[in-house]
Structure formats: C-alpha cells, structure tokens
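*Asks:*
Residue numbers (my numbering): 1043 to 1464.
1) Inspect the CB distances between the stretch 1360 to 1367 and the stretch 1218 to 1225 and report whether three or more fall short of 8 Å.
2) Based on Cα-Cα distance, which residue from 1163, 1068, 1087 and 1125 lies nearest to residue 1101?
3) Taking Cβ to Cβ, would you say residue 1243 is nearer than 8 Å to residue 1071?
4) Please state the DSSP three-state secondary structure of residue 1458.
5) Quick check on residue 1110: does DSSP put it in helix, strand or coil?
6) Residue 1285: buried (16+ other C-beta within 10 angstroms of its C-beta) or exposed?
7) Please state the DSSP three-state secondary structure of residue 1044.
8) For residue 1182, which residues of its own chain have a beta-carbon under 6 Å away from its beta-carbon, when the five flanking residues on both sides are left out?
9) For residue 1386, I'd like the list of residues in its chain whose CB is within less than 6 Å of its CB, leaving aside the five on either flank, ordered along the chain.
10) Mind checking residue 1454: buried by the 16 CB within 10 Å criterion, or exposed?
11) Are the CB atoms of residue 1206 and residue 1079 within a distance shorter than 8 Å?
12) From the DSSP output, in three-state form, read off residue 1181 for me.
13) Give me, in chain order, the residues of the same chain whose beta-carbon lies closer than 7 Å to that of residue 1463; leave out the 5 immediate sequence neighbours on both sides.
14) Cβ of residue 1317 within 8 Å of Cβ of residue 1296?
15) By the DSSP assignment, the alpha helix (DSSP H) with residue 1334 in it spans what residues?
16) If we count Cβ pairs, one from each stretch, closer than 8 Å, do we get three or more for the stretch 1410 to 1418 versus the stretch 1326 to 1333?
17) Roughly how many whole angstroms lie between the Cα atoms of residue 1410 and residue 1349?
18) Reducing DSSP to helix, strand and coil, say where residue 1102 ends up.
19) Give a yes or no on whether the C-beta atoms belonging to residue 1212 and residue 1090 are separated by under 8 Å.
20) Let me know if residue 1190 comes out buried or exposed under the rule of 16 or more other beta-carbons within 10 Å of its beta-carbon.
21) Please confirm whether residue 1155 and residue 1230 have their CB atoms less than 8 Å apart.
22) Within the continuous alpha helix (DSSP H) that includes residue 1278, where are the two ends?
23) Are the beta-carbon atoms of residue 1420 and residue 1294 separated by less than 8 Å?
24) Run through DSSP, which three-state label would residue 1065 get?
25) Let me know if residue 1439 comes out buried or exposed under the rule of 16 or more other beta-carbons within 10 Å of its beta-carbon.
26) Quick one: Cα of residue 1105 to Cα of residue 1292, how far?
27) Given 8 Å as the limit, is there contact between the stretch 1430 to 1449 and the stretch 1127 to 1147, that is, 3 or more CB pairs closer than that?
28) Which one of 1392, 1219, 1081 and 1263 has the shortest CA to CA distance from residue 1208?
29) Does the beta-carbon distance from residue 1151 to residue 1172 come in below 8 Å?
30) How about residue 1373 and residue 1346: do their beta carbons lie closer than 8 Å?
31) To the nearest angstrom, how far is it from the Cα of residue 1122 to the Cα of residue 1241?
32) If you count every other CB in all the chains shown that lies within 10 Å of the CB of residue 1248, and 16 or more means buried, which is it?
33) Helix, strand or coil for residue 1070, going by three-state DSSP, please let me know.
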C-alpha cells in the first residue's frame, strides 16, 4: 500500500544526527519527539488559561471559550493549505510556518491582554490555530519514512513526546500567569519564546520531498472517492469524535472547576493530569495497534470516552474532575492514535497531502463546533457551573453512539487486511 522511498520518487538524504548514525525512520522520530516535548508545551498552556482569559475580556460570559474555538477554527482553515505546503515544499517548511504562527499568536495575545481587547485576543487565537494545524501533522510526519512494521510505533512515540509537554506546560502557567501586572500576559510571552526555540528543532528533520514528476504521474483519488473508501471514512469519523469530545469537555473544565469553588492552580493540576493521560499511553499504544489492529484500539478509546462522561456526571468533587479528565485523556489517546494509524494504512504516499489535509480539516471542523458548544453549554444552560458541567457531559452521548456504530459497521464488513487502499 505504501511505496518505498525509491518507488515514490523521493530523493534520499543523510541520516546522521549529533554525530550519531541513526536509521532515517528513527532519526526523524527522535526529532519529532523532541519537538513534541518542547514546542508542544504551548497547547496545554493556552488551553489552561484561554477560557479564563476569554471570560475576563469577553463582553458576554457565553463567549468565554470563543478564543479556544478560534484556535481550532484557525487549525481547520489552515489544514488544507498546510498539508499542500508540506507535500510540495517539505515538512520542515510547514512546521517553520506553524511556529511563526504560534509566535505571532503569543505576541498578539499578550498585547490584547494589556490593551483589554477581546477582538485582538480572538485574532491571536487564530494565529495560534495556524500553529495547531502544523502541530497536528507531527504524527503524520512520523509515518513518512517509517517501515510498515514501525509505522504505528513511530506515530505512538511522537505522540508520547506530549507527556513532557503535559508536565511542563501547566507548570509554566503557574510561573508566568501572575508574573506581570496584567494577568496571563506573561504566559503569552512565554509562548513566543517556546515557538522560537522549537522552530530550530525542525532544522534537524530529514524527511525528503517527493519529486514533482512522481506527484504528477501518480493515480490520486478524488475527494469523493476518498470519502467513499470505508476505512478512510470511519477513520475520519472516529478521529473527529475522539478529538471533538476531548475538546468539548477539556475546554469547559477550568471554568467548571473554578465555578465550583476550586482555585486556578487546581484547574491547572487537573489539566496537567488530563494531558499526561493523553500522552503517557503512547509508549505502548503503537505496540497494541500492531498486535490487535487499529479498529480494536479505536473501540477501546470510545469506551474510555464514554466512561469519562459517566464519571463527569457522577459529581463535582475534585476527584470527579480528576477521574473524568484522566479517562478523557486515555480515550483520546486510543481513539485518535488508532484512527490516525487506520488512516495512514489506507492511502498511498502520493495521496498523503490530500488525505491528511482533508482529515485534519474535517477533524478540526468538528473540534471547532465542539469548542463553540462547550462555552454555550457551560455558561448558558442552567444557573450554576454544576448544571453547565452536567450539560457538557450529556452532550457527548449521540456522537459516541455515531462513532461506535460506524466502527462496528466497518469491523463487521470483514475487509481483507492486505487489500488495496480502502
């Protein structure tokens, strides 16, 4: 299904890193893990304070999570363009542009907080979304030069780099949130520094660019044909639901925790535990996919997301928040990484830009809607934070049913494992 580097018409590069001779697939995974560990720290930072800062700036409490929604909307609208840039000019160029977007987002965000400007804060969020779009392609980049056997493990290892980001990001919030007279302005300036440092890491990346001649002569399916391919369609649906429901619940969590009488630091601790749970299983998720198949791992992820919603409905004690968000992180890990592995098994190398751009546009489109719904459900349903939190958790039900139904349908079709794409 996936051609070799030579068959795809790709120019070979060297494979030396810091004077150590590494196989290309492992060199690239090491670089991408390092990038995930460092530059990825900005996402838990921004998701921890974005809703709280938005609540302070927004003219209406129902718009508190709109900045988070603009981040995801920016990611959605940038996904197709970012994918095409990476397909034509290489991963390094795309990741560098993403880092530039993240740095601009941090700079504009700090200025917006100083000026007490909600519109400027929304603009900052959109630029952060450009970074988030490029960040999403780290997992696909891990598969570019990996063998069939190593591919699910490569994706999983890169996602595991987020474990360090999960620990560092919220701690940076604690250090920087009150470091300036204007709350959270110091955190957004720290985001600028993280992006500038992280951009240098991508200079070490060694993923060749496909030759233009190979791309022109390739038999690339249309968008309609791709979406009619069962494995691709189900992979996208499950990725959309896994990511959207994770965002729906996580975006509301800091507001719910603070609204239920706990401190901002407690909210940061819960988010840290959640992001830890998102990435810690990645050390073995790839091995589980290789052993049991991507579909079964996605199914386990959907079951864990269901358990997260049940735990969230069980109460508003701090331990309920911790339990729900840890289960949410585990469910996202299995669901999203499993869906990613399912997707990369279902297209050729020439189709990767088209398929991956389509996937992330649809995934982050769903996440945008979830983020918008999160603020409305949390702040505008019922009269208390507890009632809003209950509404958020109940809202997960129909989407979990849809994703679970599509996955069951795919598994019952009993497609030959080694069939051509689709």
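Idealized CB from N, CA, C, for every residue including glycine.
Predicted model only: the values in this text are computed from it and were never measured.
*Replies:* Judging by the given coordinates:
1) Flag = no, the stretch 1360 to 1367 and the stretch 1218 to 1225 do not touch.
2) 1163
3) No, they are not a contact pair.
4) In this prediction, residue 1458 has a pLDDT of 49, which is less than 50 and means its spatial position is unreliable; what the coordinates show is noted afterwards. For residue 1458, the three-state secondary structure derived from DSSP is coil.
5) helix
6) The residue is buried, with at least 16 neighbouring Cβ atoms inside 10 Å.
7) In this prediction, residue 1044 scores a pLDDT of 42, lower than 50, which makes its location untrustworthy; the coordinate-derived value is nonetheless stated afterwards. Reduced to three states, the DSSP call for residue 1044 is coil.
8) 1398
9) 1185
10) exposed
11) yes
12) helix
13) Unreliable positioning characterises residue 1463 in this predicted model, as indicated by a pLDDT of 44, which lies under 50. A coordinate reading is not provided.
14) no
15) Start and end: 1324 to 1334.
16) Look at the beta carbons and you see the stretch 1410 to 1418 not touching the stretch 1326 to 1333: under three pairs across the two are nearer than 8 Å.
17) 23 Å
18) Looking at residue 1102 - three-state DSSP - the assignment turns out to be coil, as it is neither helix nor strand.
19) Taking 8 Å as the Cβ cut-off, residue 1212 and residue 1090 qualify as a contacting pair.
20) exposed
21) Yes, the pair counts as a contact, with Cβ atoms nearer than the cut-off.
22) 1272 to 1301
23) yes
24) Three-state DSSP puts residue 1065 in coil, outside helix and strand.
25) exposed
26) Taking C-alpha positions only, residue 1105 is separated from residue 1292 by approximately 16 Å.
27) no
28) 1081
29) no
30) yes
31) 21 Å
32) buried
33) helix
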